[in-house]
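One structure is given here, and the rest of the page talks about it.
Number of protein chains: 2
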Amino acid sequence: MIEYSGQPHYLLAVDCIVFGFDGEHLKILLVKRGLEPEINKWSLIGGFVGANESPDDAANRVLKKNTGLEGIYLEQLQIYGEPNRDPIERTLSVGYFALIDIHKYQTQINDDYHAEWFLINDRPKLIFDHDQMVSDARKKLRYKAALHPILFEMLPKKFTIPQLQILFEEVNDTKIDTRNFSRKIGSTGLLIKLAEKDKSGSKKGAFYFKVDKKKYNANFQAFLNLIPNLKP
Amino acid sequence: MIEYSGQPHYLLAVDCIVFGFDGEHLKILLVKRGLEPEINKWSLIGGFVGANESPDDAANRVLKKNTGLEGIYLEQLQIYGEPNRDPIERTLSVGYFALIDIHKYQTQINDDYHAEWFLINDRPKLIFDHDQMVSDARKKLRYKAALHPILFEMLPKKFTIPQLQILFEEVNDTKIDTRNFSRKIGSTGLLIKLAEKDKSGSKKGAFYFKVDKKKYNANFQAFLNLIPNLKP
DNA sequence: TTATTAATTGTCAAAAAGACAATTAATAAT
DNA sequence: ATTATTAATTGTCTTTTTGACAATTAATAA
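As given, the protein sequences belong to chains V and A, one line each in that order.
The first sequence begins at 1 in this note's numbering and counts up by one.
The second sequence begins at 1001 in this note's numbering and counts up by one.
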């Protein structure tokens, strides 16, 4: 059997930046690392890529183990491969960012794996280059959300326009005019208005909407220009 | 010394999709593979990631070796990691796409490494999953070029508006109205008109332009919306 | 002087974006 | 029963951008 002689071999890991939205702020899911080095320090959800799985497979497996969820929105960020990023031995890591509906997340699994949600702007220091990963993922989320309707992945099936607007404002760290926002969201044709109202936030109540899945899938790659004042 | 016991180790490679523009069509640079398996078949420019370099370093090294060029525009595409993508042993590859001015490319290096330019739409079948990589890179180039002024990387320092327009049309596989195109390009403020004319293409001649490097760097991350009819 | 050819430039209508605040629908208070 | 309160919802005007259209210009060749 032929071999690629003399070439070095490395460990390969995946690390997931899991974003959620609690109705007010962006959050990320962190775990206490279970192995040396840096055991018991806060870390992204990650694991090694197994012999018979692709990095995408590994990310999905690791996410299911830590959140109980399948079919999560997952996107490859980039590879992190500085020679000394892991002090034990050379390990490269494929960064992924994931968007989940924070309400689907099961606390029981939280307890099993010591996972915990943190405000993105008030999180503990992370191991290795994980802080860099979070920063990169944050940027990519903003970039992508300006053009494609990915933020719906962080909301429940039924949501209101005010909820959606707060999420957009949070991701882009900006205030958006209510009238212009609802006009723009409406013009995408992605939302279906429901008869039911959410009365928890006000006396008047806000109508629930859901995503039109067909249009969502059909238009996902289109450029939507969802954020005002994008031009320099 | 601590070790991550029991985890499998893999080879890691980089593969570069090198784009160029000959004034009429998009081209990619391919090499004849120099090692088994699939020796002498056409392949992307690639190599293994060495023990003391990051994947980015490796891509730059491999590109310099095959093109003689440094400081090439390089962007990480994604990782390719299906377990059996390499028949010899498990090798994951980080795909990069590169944009170069085809005129800077030295033929002498071409001969050393048997590298050759091919029309993107008329290229030989490639080894492993390299055809998939080219297809992905092609898509990403179009996506990125719709929003950011990266196509200048494929033109010489001095270029004309008609040349630029043909490049845009080629990348997006569409015809663009001359008047609207020059208005839009002009409104970016990225171009500086030179006194000199290119007389090779017509009797009247076309004015040369160059990129305003300061504005280019300052506005690179801004969304430019350079391609007409982007909306669904 | 005229013909030829590609480069360059202008106008108008439609659509989108941005700035701006009044109205509405419910509940709570009187 | 009426009024006060509060957040949700909706409308108009102006400015900017886009898209669809062809005439003019600058050079060389005939």
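No residue lacks a Cβ here, since even glycine has one placed at the ideal position from N, Cα and C.
It should be emphasised that the depicted structure is a prediction, and the values quoted were computed from it without experimental measurement.
Distance check for residue j and residue i, CA to CA, integer angstroms please.
| i | j | result |
| --- | --- | --- |
| A:Asn-1040 | A:Arg-1090 | 21 Å |
| A:Val-1031 | A:Ala-1115 | 4 Å |
| A:Phe-1181 | V:Asn-225 | 20 Å |
| A:Ile-1088 | A:Ala-1013 | 14 Å |
| V:Ala-218 | V:His-25 | 29 Å |
| V:Gly-6 | A:Ser-1200 | 52 Å |
| A:Lys-1158 | A:Leu-1069 | 19 Å |
| V:Leu-230 | A:Val-1062 | A caution first: V:Leu-230 carries a pLDDT of 49, below 50, which makes its placement in the model unreliable, though a value can still be read off. Straight-line Cα distance between these residues: approximately 37 Å. |
| A:Phe-1220 | A:Leu-1190 | 10 Å |
| A:Glu-1075 | V:Phe-207 | 44 Å |
| V:Ala-146 | A:Ala-1146 | 14 Å |
| V:Phe-97 | A:Lys-1203 | 55 Å |
| V:Asp-122 | V:Leu-167 | 17 Å |
| A:Tyr-1073 | A:Gln-1132 | 21 Å |
| V:Ala-195 | V:Pro-162 | 16 Å |
| A:Pro-1037 | V:Lys-104 | 48 Å |
| V:Ile-45 | V:Gln-78 | 16 Å |
| V:Arg-183 | A:Ala-1222 | 24 Å |
| V:Leu-119 | A:Arg-1179 | 49 Å |
| V:Leu-245 | A:His-1009 | Residue numbering for chain V in the displayed model covers 1 to 232; residue 245 of chain V lies beyond these limits and cannot be assessed. |
| V:Tyr-4 | V:Leu-35 | 32 Å |
| A:Pro-1156 | A:Leu-1164 | 10 Å |
| V:Lys-65 | A:Leu-1092 | 24 Å |
| A:Lys-1139 | V:Lys-139 | 21 Å |
| V:Ala-51 | A:Ala-1051 | 21 Å |
Can you tell me whether residue i is helix, strand or coil according to DSSP?
| i | result |
| --- | --- |
| V:Ser-202 | coil |
| V:Glu-153 | helix |
| A:Lys-1041 | coil |
| V:Asp-56 | helix |
| V:Ala-218 | helix |
| A:Pro-1232 | Because the pLDDT at A:Pro-1232 is just 35, under 50, the model does not fix this residue reliably, and the value given afterwards should be weighed accordingly. Correct three-state label for A:Pro-1232: coil. |
Leaving out five residues before and five after residue i in sequence, what residues of the same chain have Cβ atoms less than 8 Å from its Cβ?
| i | result |
| --- | --- |
| A:Lys-1310 | Chain A is shown only over 1001 to 1232; residue 1310 of chain A falls outside these bounds and no answer can be derived. |
| A:Ile-1102 | Gly-1020, Phe-1021, Asp-1022, Lys-1027, Trp-1117, Met-1154 |
| A:Thr-1160 | Asp-1198, Gly-1201, Ala-1206, Phe-1207, Tyr-1208, Phe-1209 |
| A:Arg-1033 | Ile-1039, Asn-1040, Lys-1041, Trp-1042, Ser-1043, Ile-1127 |
| V:Glu-53 | Arg-61 |
Which term fits residue i, buried or exposed, when burial requires 16 or more other beta carbons within 10 angstroms of its beta carbon?
| i | result |
| --- | --- |
| A:Asn-1060 | buried |
| V:Thr-67 | buried |
| V:Gly-71 | exposed |
| A:Ile-1100 | buried |
| V:Arg-213 | Looking at the sequence provided, one finds Lys at residue 213 of chain V rather than Arg. Exposed, by the Cβ-count rule. |
| V:Asp-15 | buried |
| V:Lys-27 | buried |
| V:Ile-192 | exposed |
| A:Gly-1186 | exposed |
| V:Leu-141 | buried |
| V:Ala-137 | buried |
| V:Val-58 | In the sequence as displayed, the identity of residue 58 of chain V is Ala instead of Val. So V:Ala-58 ends up on the buried side. |
Identify, in the order they occur along the chain, each residue of the same chain with its Cβ nearer than 6 Å to the Cβ of residue i, setting aside the five sequence neighbours on each side.
| i | result |
| --- | --- |
| A:Asp-1129 | Tyr-1080, Arg-1085 |
| A:Phe-1152 | Val-1211 |
| V:Val-134 | Ile-17 |
| A:Trp-1042 | Leu-1030, Pro-1124, Leu-1126 |
| A:Pro-1055 | Val-1014, Val-1049, Val-1094 |
| V:Gly-47 | Val-62 |
| V:Gln-106 | Gly-68 |
Take residue i and list the residues in its own chain whose beta-carbon comes closer than 7 Å to its own, dropping the five residues that flank it on each side.
| i | result |
| --- | --- |
| V:Lys-144 | Ile-150 |
| V:Lys-215 | Gly-189, Leu-190 |
| A:Asn-1172 | Arg-1142, Ile-1227 |
| V:His-148 | Phe-220, Leu-224 |
| V:Pro-83 | Arg-90 |
Beta strand (DSSP E) runs contained entirely in the stretch 102 to 186 of chain V, provided each spans 3 or more residues: 115 to 119
Can you list the alpha helix (DSSP H) stretches of 4 or more residues lying completely in the stretch 60 to 103 of chain V, in chain order? none
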